[in-house]
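Let me begin by presenting the structure, written as structure tokens, before commenting on it.
Protein chains in written order, with my numbering: chain P, 1173 to 1480; chain H, 1173 to 1480.
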């Protein structure tokens, strides 16, 4: 068995690593800024791949923000790389490097990585949610990654939980992301401050600043995280009824807010689950892999696809 | 390959059929009332199985209303058979008949049957929804039935779409079933009539009566179906984002209401899908198997399980 190349496309950084067989630590690893003047992202990526290329490569796996079509390997659009509009990423990589290449979105692959190497090891049915600027999902069912017919499954932040709710980053109304993401927490506080609400916070504070204020006893800050946690509990209750997993893994920056988020989240989850059996033995865990989840997920995807 | 026994447990009728290998038409088939004075449902069921027993039986498959645990074969409770409380149905059948026995809920197995024998033939990712008194779901992903860790997955009627919505049959608030089931249609009309709304309908009309009045131009009747269809569109849009299927199959009595339900449903679905790619080639179909779906699903389950 030869090497696998894993690529993690981020809005600010591109990371590429070469993994040897059955090894979770990369053989070679490089990281550069995604964007540079007068250079296309794809060219920067291929140069980085050349720099780590170990000779015998069986496959390439790529993690990218979406929306993207994992079946055809086309990135339909992605907010931080404007030049990629219906961009056939895997076809271009296969043409350039001559090895099978597989693509999926960052949340799906973080979920896959947590299942293979992280908090979800040993589980067969995993619900992974990343809660940061937005909300993304990755789902393992019976030891298989949920991808869907067009490769667009598990968009778990973009599901209506309140028909007349606030507008989401995607432009639609009432999605889970519009209630429980970092952006939603920030907007709630900014709106309340603009309406004259008293708080130690001012202007348009970041989710992190809001968390700090809440830790120091700021009522509005606590409320903003409690609201996010409550809706996250509703969303996860829905996903228990839909997927019935044995573990729920929460990743992303907002998931690191501790009891501020987790206490209202868990109370809401218990309140909204419609049969207690779903909670029998259910593990609720934090993601373990941090920044490496994208690379490890891309590596795991490539290995899975060439084995199957 | 020997025979398979399929059992369809309904609130009013028990049906049992023996199928020979690779044959969709039953070899023998019997139907009786589920309940009789001074007789337990389980005893009536075993007598019926004896009556069709063909000698060489490889497995038994059972379709039952839930909630039930398909992994352990335990019916936790079911509204129309009060004596079954945490009833180990498959264990009791295996003890009595000595062959492997498998259980799943009626909606999951109707979905499985539609995929194998009905509207979903040839698809790999199928979303089946039955819309009648309640709403149930059955989901095939990558040619496998979604069952979940506790065998409780795909409870697709019991998912919150509007946090402060009406109370569902299960006692929780804002579920899809509380908006789009036959019961929800009936309740909406009864409430509006009680509030003095003008209509050709009176009292507490059935979903069927309401459909007839709507066909004859009754405004309240049309509105009740339009509301059910709108929320059904929201629910299905959510399920496209979650599962990304290639076909949506609607079964159950309410799904036979024609344009009254389907026009507002399809308009709402298009309105709430957050990327048009989900609709590329998406088939929306009516269930084909009618009353036989339960038996055929139980038969398909038994065949799948002994083959795998």
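Where is the CB? At the ideal position from N, CA and C, for every residue including glycine.
Based on DSSP bridge pairs, tell me the residues matched to residue i.
i: residue 1298(P); result: 1312(P), 1419(P)
i: residue 1170(P); result: Since the first and last residues shown for chain P are 1173 and 1480, residue 1170(P) lies out of range.
i: residue 1208(H); result: 1211(H)
i: residue 1233(P); result: 1178(P), 1274(P)
i: residue 1303(H); result: 1307(H)
i: residue 1241(H); result: 1246(H)
i: residue 1403(H); result: Paired residues: none, contrary to the question.
i: residue 1191(H); result: 1176(H)
Keeping to the same chain, check which residues put their C-beta closer than 6 Å to that of residue i; ignore five residues upstream and five downstream.
i: residue 1266(P); result: 1273
i: residue 1411(H); result: 1299
i: residue 1287(P); result: 1298, 1312
i: residue 1385(P); result: 1372, 1373, 1393
i: residue 1318(P); result: 1311, 1325, 1326
i: residue 1203(P); result: 1185, 1187
i: residue 1309(P); result: 1279, 1301, 1326, 1328
i: residue 1418(P); result: 1295, 1297
i: residue 1262(P); result: 1245, 1273, 1275
i: residue 1223(H); result: 1202
i: residue 1456(H); result: 1420
i: residue 1453(H); result: none
i: residue 1235(H); result: 1180, 1278, 1281, 1466, 1469, 1470
i: residue 1477(H); result: 1274
Does the distance from the CB of residue i to the CB of residue j come in under 9 Å?
i: residue 1247(H); j: residue 1284(H); result: no
i: residue 1206(H); j: residue 1253(H); result: yes
i: residue 1354(H); j: residue 1326(H); result: no
i: residue 1307(P); j: residue 1269(P); result: no
i: residue 1367(P); j: residue 1338(P); result: no
i: residue 1401(H); j: residue 1436(H); result: yes
i: residue 1466(P); j: residue 1220(P); result: no
i: residue 1469(H); j: residue 1442(H); result: no
i: residue 1331(P); j: residue 1351(P); result: no
i: residue 1446(P); j: residue 1409(P); result: yes
i: residue 1323(H); j: residue 1240(H); result: yes
i: residue 1343(P); j: residue 1349(P); result: no
i: residue 1250(H); j: residue 1237(H); result: yes
i: residue 1377(H); j: residue 1363(H); result: no
i: residue 1444(P); j: residue 1399(P); result: no
i: residue 1407(H); j: residue 1305(H); result: no
i: residue 1113(P); j: residue 1403(P); result: Residue coverage of chain P in this structure runs from 1173 to 1480, which leaves residue 1113(P) outside it and unanswerable.
I need the DSSP call for residue i, collapsed to helix, strand or coil.
i: residue 1186(P); result: strand
i: residue 1477(H); result: helix
i: residue 1260(H); result: strand
i: residue 1452(P); result: coil
i: residue 1347(H); result: strand
i: residue 1246(H); result: strand
i: residue 1201(H); result: strand
i: residue 1364(P); result: helix
i: residue 1461(P); result: coil
i: residue 1392(H); result: helix
i: residue 1317(P); result: strand
i: residue 1293(P); result: coil
i: residue 1330(P); result: coil
i: residue 1446(H); result: coil
i: residue 1218(H); result: helix
i: residue 1253(P); result: coil
i: residue 1377(P); result: coil
i: residue 1226(H); result: coil
i: residue 1428(H); result: helix
i: residue 1413(P); result: helix
i: residue 1372(H); result: coil
Who are the near neighbours of residue i in its chain, counting only those whose CB is closer than 7 Å to its CB and skipping five residues on each side?
i: residue 1422(H); result: 1301, 1303, 1458, 1459
i: residue 1191(H); result: 1175, 1176, 1178, 1198, 1199, 1471
i: residue 1335(H); result: 1346
i: residue 1258(H); result: 1246, 1248
i: residue 1473(H); result: 1233, 1274, 1276, 1281, 1284
i: residue 1415(H); result: 1297, 1299, 1311, 1313
i: residue 1315(H); result: 1296
i: residue 1475(H); result: 1176
i: residue 1369(P); result: 1392
Which residues in the same chain have their Cβ closer than 8 Å to the Cβ of residue i, if we skip the five residues on either side of it in sequence?
i: residue 1383(P); result: 1393, 1397, 1429, 1432
i: residue 1173(H); result: 1193, 1194, 1230
i: residue 1208(P); result: 1216
i: residue 1321(P); result: 1243
Report, in whole angstroms, the separation of the C-beta atoms of residue i and residue j, which I expect to be a contact under 8 Å.
i: residue 1230(H); j: residue 1271(H); result: 7 Å
i: residue 1461(H); j: residue 1290(H); result: 4 Å
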